[in-house]
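To keep things clear, I will list the structure first and then write my remarks on it.
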Amino acid sequence: IALARGFPYIQNNVYNAVGWGCPVGISLIGKKALIIGFGGIGRAIAQRLKSFGVHIWAIKQNLDNKLVEQYKLEAIGRPDNLEKYLPLVDYVFLALPLNKETQNLINSNNIFKFKKGAFLINPSRGDIVEKQALIDALNKNHLGGVALDVFWKEPPDKEDFFDMKNVIVTPHIAGVTDVSYKAIAFYVCENIKRVFEGKKPLNCVNC
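Position 109, counted from 1, in the sequence shown is what the working numbering calls 1170; the numbers after and before it change by one each time, with no gaps.
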């Protein structure tokens, strides 16, 4: 929403007493989004996007076609469908872990295959996106905007592109809320209990 409506750029217009009543924002209704990584976070994003009338495509390593009906997806594909889906969508969300397969997943070979004016949102890990490719796409006005909650080094060095009006950066706090912290505490305690009881931990990645 912040990218589509131009925050915090338009907020600065109020502070500077310029541009009252403009620019015209971009509605999410009817737009198309690709969620790369369709685990718990990706599915939570999908549920929220549906509330705004967004059409959704998804990429998932372990394909499960039942998710199409469950989340009312336009389509779901494996990672080799990435370049097929990129030109179709207005928003690309990264919701996947960093590993040897996902490092530089978004790179100079595919970032210009995004629809011109598309938005990239990364709350996952910085190294999933090739830094120079992102900078080039912004400088050439190929991307409509970028929102980053994660970086290539944290805390990040100050980058020139941080000051672009279509770039939003936050300090790795996408999942940091009063509710999420309570949930983290619950799952830590619950999983310790489960281990002692000989049960499988909740949300286990490698067991």
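For glycine and all other residues, C-beta sits at the position ideal for the given N, C-alpha and C.
Note that the structure is predicted; figures quoted are calculated from it, not measured.
Item: C-alpha gap between alanine 1194 and leucine 1147, whole angstroms; Value: 15 Å
Item: Start-to-end residues for the beta strand (DSSP E) that takes in isoleucine 1229; Value: 1228-1230
Item: Cut-off 8 Å between Cβ atoms - residues of its own chain near aspartate 1188, not counting five sequence neighbours on either side; Value: Leu1159, Gln1164, Asn1165, Trp1213
Item: Three-state secondary structure (DSSP) of tyrosine 1152; Value: strand
Item: Uninterrupted alpha helix (DSSP H) stretches inside the segment 1147-1226 (no shorter than 4 residues); Value: 1192-1200
Item: Environment of phenylalanine 1154 [buried if 16+ CB atoms lie within 10 Å]; Value: buried
Item: In DSSP terms, what alanine 1119 is bridged to; Value: Ile1096, Ile1137
Item: The segment 1169-1180 contacting the segment 1131-1150, beta-carbon criterion three pairs below 8 Å; Value: yes
Item: Identity of the residue in Val1230, Pro1217, Ile1120 nearest valine 1207 by Cα; Value: Val1230
Item: Cα-Cα separation, phenylalanine 1223 to glutamate 1135; Value: 33 Å
Item: Inter-residue spacing [alpha-carbon to alpha-carbon] between lysine 1126 and proline 1216; Value: Note that residue 1126 corresponds to asparagine in the displayed sequence, not to lysine. Answer to the nearest angstrom: the Cα atoms are 39 Å apart.
Item: Run of the alpha helix (DSSP H) containing phenylalanine 1257, from where it starts to where it stops; Value: 1239-1257
Item: Serine 1185 burial status per 10 Å Cβ neighbour count (16 or more: buried); Value: buried
Item: Option in Leu1089, Lys1226, Gly1101, Asn1264 with minimal Cα separation from isoleucine 1071; Value: Lys1226
Item: Cβ-Cβ distance between isoleucine 1117 and isoleucine 1097 below 8 Å; Value: no
Item: Beta-carbon proximity check, alanine 1235 vs aspartate 1210, cutoff 8 Å; Value: yes
Item: Closest by C-alpha distance to leucine 1089, when choosing among Ile1062, Pro1069, Tyr1132; Value: Ile1062
Item: Reduced DSSP category for serine 1088 - H, G, I as helix; E, B as strand; rest coil; Value: coil
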